[in-house]
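> Take a look at the following structure, please.
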Amino acid sequence: MSTITLGVDLAKSVFSVCEMDGSGHALRRLDLKRDAFAVWLAQVPAGIVVAMEARSGAHHWARRCLEVGQPPRLLAAQLVKPYRLSQRSKNDRNSAPRRS
């Protein structure tokens, strides 16, 4: 199966990305610096949904997603919690949304 959703946790310098297939299984996890994320995002095929928590930089990155053809989904902070891998350990890698 191919990637249909990208869950992104936006941080100050390193972004955590989780690629998901249609059945909700994680295909791959990446940790990318801000500049590398912008380059990588431009190489992702158009039409893949990019889900991220609505926070201070999310609207900027949503516009960048639209520029390269990916529809962004901004999730409110209280809606991100169920998608974390572990409910007890909150960190950037665990809080990358796993579904759209």
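For the sequence shown, position 34 matches number 35 in my numbering, and the numbering has no gaps at all.
Here a beta-carbon is modelled for each residue, glycine too, at the ideal position from N, C-alpha and C.
#1: Can you look up Ala63 in the DSSP assignment and give me helix, strand or coil?
#2: Could you tell me if Ala37 is buried or exposed, where buried requires 16 or more neighbouring beta carbons within 10 angstroms of its beta carbon?
#3: Once the 5 residues before and after Leu7 are set aside, which same chain residues still bring their CB inside 8 Å of it?
#4: Name the one or two DSSP bridge partners that Arg29 has.
#5: Is Met2 buried or exposed, if buried means 16 or more other CB atoms sit within 10 Å of its CB?
#6: Between the beta-carbon of Ala77 and the beta-carbon of Ala55, is there less than 8 Å?
#7: Measuring from the CB of Pro73, is there a heavy atom of the ligand SAM at a distance below 7 Å?
#8: Cβ of Ala59 within 8 Å of Cβ of Leu11?
#9: Using only CA atoms, which one of Thr4, Arg64, Ser57, Ala63 lies nearest to Gly25?
#10: Along the chain, where does the beta strand (DSSP E) that runs through Val9 open and close?
If we stick to the structure as given:
#1: helix
#2: exposed
#3: Val18, Cys19, Glu20, Met21, Val45, Ile49, Val50, Val51, Ala52, Gln71
#4: Glu20
#5: A caution first: Met2 carries a pLDDT of 46, below 50, which makes its placement in the model unreliable, though a value can still be read off. Exposed, by the Cβ-count rule.
#6: yes
#7: Annotation note on the ligand SAM: not contained in the displayed structure, which lists no ligands.
#8: yes
#9: Nearest to Gly25 by alpha-carbon distance, out of Thr4, Arg64, Ser57, Ala63, is Thr4.
#10: 6-10
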